[in-house]
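In terms of this note's numbering, the sequence shown is numbered consecutively and its last residue is 359.
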Amino acid sequence: MASPIPDHFSPQNILLIKLRHHGDMLLTTPVINALRQRYPQANIDVLLYKETRPMLEAHPAIRQLHIIDRNWKKEGGWQKFRHEVALISAVRACHYDLVINLADQWRSAILTKLSGSPFRIGFAFHKRDSAIWRWCHNLLVSTDDHGNLHTVEQNMSALSPLGITAAGAKASMHFSAADQQKVQEILARQQVNAPYVVVQPTSRWEFKCWDDEKVAQLIDALAADGHTVVLTSAPDKKELAMIERIRSLCQSDNVVSLAGQFSLPQLAALIAKARLFIGVDSAPMHMAAALDTPCLALFGPTKLQFWRPWGDNNRIIWAGDYGPLPDPDSIDTKTHQRYLAIIPVADVVAAARSFLHD
Numbered sequence: 002m003a004s005p006i007p008d009h010f011s012p013q014n015i016l017l018i019k020l021r022h023h024g025d026m027l028l029t030t031p032v033i034n035a036l037r038q039r040y041p042q043a044n045i046d047v048l049l050y051k052e053t054r055p056m057l058e059a060h061p062a063i064r065q066l067h068i069i070d071r072n073w074k075k076e077g078g079w080q081k082f083r084h085e086v087a088l089i090s091a092v093r094a095c096h097y098d099l100v101i102n103l104a105d106q107w108r109s110a111i112l113t114k115l116s117g118s119p120f121r122i123g124f125a126f127h128k129r130d131s132a133i134w135r136w137c138h139n140l141l142v143s144t145d146d147h148g149n150l151h152t153v154e155q156n157m158s159a160l161s162p163l164g165i166t167a168a169g170a171k172a173s174m175h176f177s178a179a180d181q182q183k184v185q186e187i188l189a190r191q192q193v194n195a196p197y198v199v200v201q202p203t204s205r206w207e208f209k210c211w212d213d214e215k216v217a218q219l220i221d222a223l224a225a226d227g228h229t230v231v232l233t234s235a236p237d238k239k240e241l242a243m244i245e246r247i248r249s250l251c252q253s254d255n256v257v258s259l260a261g262q263f264s265l266p267q268l269a270a271l272i273a274k275a276r277l278f279i280g281v282d283s284a285p286m287h288m289a290a291a292l293d294t295p296c297l298a299l300f301g302p303t304k305l306q307f308w309r310p311w312g313d314n315n316r317i318i319w320a321g322d323y324g325p326l327p328d329p330d331s332i333d334t335k336t337h338q339r340y341l342a343i344i345p346v347a348d349v350v351a352a353a354r355s356f357l358h359d
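Written as structure tokens, this is what we have:
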């Protein structure tokens, strides 16, 4: 193992690698923000999956994004090989003097090694305890305490060889002026001009969702208080159908569905101006927390320690406080069971009102 990074080290070109889902990418922003603060002159690039690019594409600290498209494998062996070679060439051409690999895939480790960077930080994952993993990284950070840390703190621990701690770690979500303009136009078209509450009750996994009937009752209660509720979701057919059902169950007219109409940065622009965001364990929930919009998050059998909203303006209602939940590692993600069903409407309404009446 190489000697630690010298105190006078001042990298010019930094590459951060993370190959996960949308929410995971947002939770890498504290690392990006900390690197920008420590090395204001450095170029910071990120290697990520193509579909997660919207989470970081407007971040002002990032110079460029290197993309892995998971559809490459559908193009056949030769084409996939050409894409991989082009990616490696692009990475090597940047002459990184520091690579930080937050990912646990072999692909990320090989890319870290092939970058040619003199300093290559990775995690000492127990499942990757091998000579090849150690060969790919010359600085490995222990993961022994990761079970007790939030995902942000886990990511930030990769910076320990640089003398950077997790103290004051701040997530951020960015969008363009064009995104903001598009949202304002859509809101104006729907005649939403008063302060509004965003409710995103959907997830690609149904087990993370609350009952449609209860969501409708929550919306009616907030509407009765005079609040305009904006319903949002991904453009996925199942999520849109869920929003339609919730909308049909609402008694109030003071609710607008903009489900499926926004890109993720546009959704961020919508959430940024909301008085309150109410949602489940999902990327938009992490976006609300990063935007410092008051956030009420409903959780079921998810690892709260890892995935709770990061920030100071949040409140969690956990189904485990109302009844037994299965172990998060044992969940069949295809189940239609909604474990949040035991959360009573009254408690969510009361929590929402406590935010809205401040």
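Note that the Cβ used here is the ideal one computed from N, Cα and C, for glycine as well.
Computed from a predicted structure; not experimentally measured.
Separation of residue j from residue i, as counted between CA atoms
i: valine 100; j: histidine 175; result: 23 Å
i: lysine 238; j: aspartate 213; result: 16 Å
i: alanine 225; j: aspartate 330; result: 40 Å
i: glutamine 106; j: isoleucine 63; result: 23 Å
i: alanine 217; j: isoleucine 247; result: 5 Å
i: aspartate 348; j: glycine 324; result: 15 Å
i: asparagine 156; j: serine 253; result: 43 Å
i: valine 92; j: lysine 171; result: 27 Å
i: leucine 219; j: alanine 104; result: 39 Å
i: aspartate 8; j: cysteine 210; result: 48 Å
i: alanine 270; j: tryptophan 136; result: 43 Å
i: leucine 265; j: proline 55; result: 6 Å
i: asparagine 139; j: phenylalanine 120; result: 7 Å
i: threonine 303; j: histidine 337; result: 16 Å
i: aspartate 46; j: isoleucine 133; result: 25 Å
i: serine 258; j: glycine 78; result: 44 Å
i: asparagine 315; j: glutamine 306; result: 14 Å
i: aspartate 333; j: alanine 94; result: 43 Å
i: leucine 17; j: proline 5; result: 19 Å
i: leucine 150; j: aspartate 25; result: 14 Å
Member of the options whose CA lies at the smallest distance from the CA of residue i
i: leucine 112; options: Phe126, Arg129, Ser90 and Leu277; result: Ser90
i: glutamate 52; options: Trp136, Leu20 and Ala43; result: Leu20
i: proline 12; options: Asp25, Arg39 and Thr29; result: Arg39
i: arginine 354; options: Ala284, Phe278, Asp328 and Pro31; result: Phe278
i: serine 116; options: Ser131, Ile133, Asp98 and Ala290; result: Asp98
i: glycine 164; options: Gly148, Ile122, Val198 and Val184; result: Ile122
i: leucine 57; options: Leu357, Glu207 and Asn34; result: Asn34
i: cysteine 273; options: Leu28, Gln185, Asp25 and Gln338; result: The sequence as given places alanine at residue 273; cysteine does not occur at that position. Per the Cα distances, Gln185.
i: lysine 128; options: Asp145, Lys183 and Ala260; result: Asp145
i: valine 346; options: Asp221, Lys215 and Leu357; result: Lys215
i: alanine 43; options: Asn14, Asn315 and Gln192; result: Asn14
i: alanine 110; options: Lys75, Gly148 and Leu48; result: Leu48
i: glycine 312; options: Glu245, Lys335 and Ala167; result: Ala167
i: phenylalanine 10; options: Met26, Pro162 and Phe208; result: Pro162
i: proline 196; options: Gln182, Glu245, Ser173 and Val256; result: Val256
i: histidine 23; options: Arg205, Ser131 and Cys251; result: Arg205
i: serine 118; options: Pro41, Ala125, Asn102 and Gln182; result: Asn102
DSSP three-state assignment for residue i, whether helix, strand or coil
i: cysteine 251; result: coil
i: aspartate 46; result: strand
i: serine 143; result: strand
i: tryptophan 319; result: strand
i: alanine 298; result: strand
i: glycine 123; result: strand
i: histidine 84; result: helix
i: asparagine 102; result: strand
i: asparagine 194; result: coil
i: phenylalanine 263; result: coil
i: threonine 336; result: coil
i: arginine 71; result: helix
i: glycine 169; result: coil
i: glutamine 65; result: strand
i: phenylalanine 176; result: coil
i: glycine 148; result: helix
i: phenylalanine 278; result: strand
i: asparagine 14; result: strand
i: threonine 203; result: coil
Spatial neighbours of residue i in its chain, beta-carbon cut-off 7 Å, leaving aside the 5 residues before and after
i: alanine 320; result: Phe300, Gly301, Leu326, Tyr340, Leu341, Ile343 and Ile344
i: tryptophan 308; result: Thr152 and Asp282
i: leucine 223; result: Val198, Val230 and Ala353
i: histidine 96; result: Asn14
i: proline 61; result: His175
Cβ-based neighbour list, residue i, same chain, cut-off 6 Å, excluding 5 preceding and 5 following
i: glutamate 240; result: Thr203 and Ser234
i: leucine 28; result: Thr152 and Val153
i: leucine 200; result: Correcting the residue type first, residue 200 is valine in the shown sequence and not leucine. Result list for valine 200: Val230, Leu232 and Ile279, in chain order.
i: phenylalanine 356; result: Leu277 and Pro295
i: methionine 243; result: Thr203
i: lysine 114; result: Cys137
i: isoleucine 69; result: Tyr50
Supposed contact pair residue j and residue i - C-beta distance, whole angstroms, cut 8 Å
i: leucine 188; j: valine 32; result: Contact doesn't hold; Cβ gap of about 33 Å is too wide.
i: leucine 88; j: histidine 67; result: 6 Å
i: alanine 59; j: serine 177; result: 5 Å
i: glutamine 262; j: aspartate 180; result: Rounded, the Cβ-Cβ distance is 12 Å, inconsistent with contact.
Nonlocal neighbours in the same chain, by C-beta distance under 8 Å from residue i, ignoring five residues either side
i: tryptophan 73; result: Gln80, Lys81, His84 and Glu85
i: proline 310; result: Met286, His287, Ala289, Ala290, Cys296, Ala298 and Ile317
Proximity test, Cβ basis, 8 Å: residue i and chain D
i: glycine 321; result: Although the question refers to chain D, the structure presented lacks it and comprises just one protein chain.
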